[in-house]
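Once you know that position 187 of the sequence shown is 187 in our numbering, the rest is easy, because the numbers rise by one and skip nothing.
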Amino acid sequence: MTGQRAVDVAALIDGIIASLVPAALPQADDHDTLARNRQWLLGLEDEIITLFYDSLYAHSATAALFQDGERAAREQTLRGWWQRTVGAPVDLAYFRWMSLVGIVHIKRRVTNPMMLSMLPIVSERVVTRARADLGEAEAQRLQQVFSRLSTTIGAIISEAYTMGFVGALEDLAGLDPKLTARMLDLEVQRIERESRAQLS
Ligand code: HEM
1 MTGQRAVDVA ALIDGIIASL VPAALPQADD HDTLARNRQW LLGLEDEIIT LFYDSLYAHS
61 ATAALFQDGE RAAREQTLRG WWQRTVGAPV DLAYFRWMSL VGIVHIKRRV TNPMMLSMLP
121 IVSERVVTRA RADLGEAEAQ RLQQVFSRLS TTIGAIISEA YTMGFVGALE DLAGLDPKLT
181 ARMLDLEVQR IERESRAQLS
């Protein structure tokens, strides 16, 4: 067996953020808009959670990945994501946590396209509701915020997922193919464990 490389989540995130074109990242105005609308955004929690899982359970490719009776637990973890995303400043610690979110999905075979496709669904609902509740000007500002936020979250989730997957495969290169599937699962568990330890 080839050597296992240490997982360095901080370096991974720094690299991803550094590679994003700066204008695509959330700007000072965006943070102000989020802060100004924090209570209103937190109030959308039930609606966003229902929309998110109704969408995933209504689509056979994504519905197939859930275990029986899992929905309540999944809704609970997504509530945590929503509260952290709109309830506190979006900072480096938040972006590092997003990399863990990418990594935890690998073992369940949730793909990057599945994860990325949920971001506009969430954003569009926020903007539609903002237009009704807050007026057109604020809805446009929130649209800009969620566009930059989605790009950044999407880049981090998907790159962390890919780097986790590819890193595990590279470590396993040269193994007997029959062992590879089992070893890959073990590698992915190790990456998740080390990432959790670094981020706790
Ligand atoms: C933007 C998209 C998504 C976000 C932000 C998100 C967020 C999260 C979070 C925060 C967790 C818990 C992480 C932890 O254990 O610390 C999680 C777990 C999970 N998510 Fe997602 N998720 C997304 C997309 C999806 C999609 C598209 C699916 C299914 C097709 C999915 C299925 C799951 C499953 C099955 C788990 C449990 C993983 C485990 O067994 O540990 N997620 N998600």
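Glycine included, every Cβ here is placed at the ideal spot set by N, Cα and C.
query: Rounded to a whole number of angstroms, what is the C-alpha to C-alpha distance between ARG190 and ARG109?; result: 16 Å
query: According to DSSP, is HIS59 helix, strand or coil?; result: coil
query: Sort GLU138, LEU169, ILE153 and GLY164 by Cα distance to ARG38 and report the nearest one.; result: GLU138
query: Under the three-state reduction of DSSP, which class applies to ALA88: helix, strand or coil?; result: coil
query: According to the Cβ coordinates, are VAL9 and SER195 closer than 8 Å?; result: yes
query: What did DSSP end up calling GLN144 once you bin it into helix, strand or coil?; result: helix
query: To test your reading of the DSSP string, which unbroken alpha helix (DSSP H) runs of 4 or more residues are found completely within the stretch 30 to 83?; result: 38 to 42, 45 to 58 and 60 to 63
query: What I want to know is whether the C-beta of THR50 ends up closer than 7 Å to one or more non-hydrogen atoms of ligand 1.; result: no
query: Under the criterion of a Cβ to heavy atom distance below 7 Å, does VAL110 qualify as lining ligand 1?; result: yes
query: Put ASP171 into one of helix, strand or coil per three-state DSSP.; result: helix
query: May I ask whether a heavy atom of ligand 1 can be found less than 7 Å away from the beta carbon of PHE95?; result: no
query: Using only the alpha-carbon positions, how far apart do ALA130 and GLY43 sit?; result: 12 Å
query: Are LEU116 and GLY167 closer than 8 Å when you measure CB to CB?; result: no
query: Need the endpoints of the alpha helix (DSSP H) that SER200 sits in, please.; result: From DSSP, SER200 is part of no alpha helix (DSSP H); its letter is neither H nor E.
query: From TRP40 to LEU179, what does the alpha carbon distance come to, in whole angstroms?; result: 51 Å
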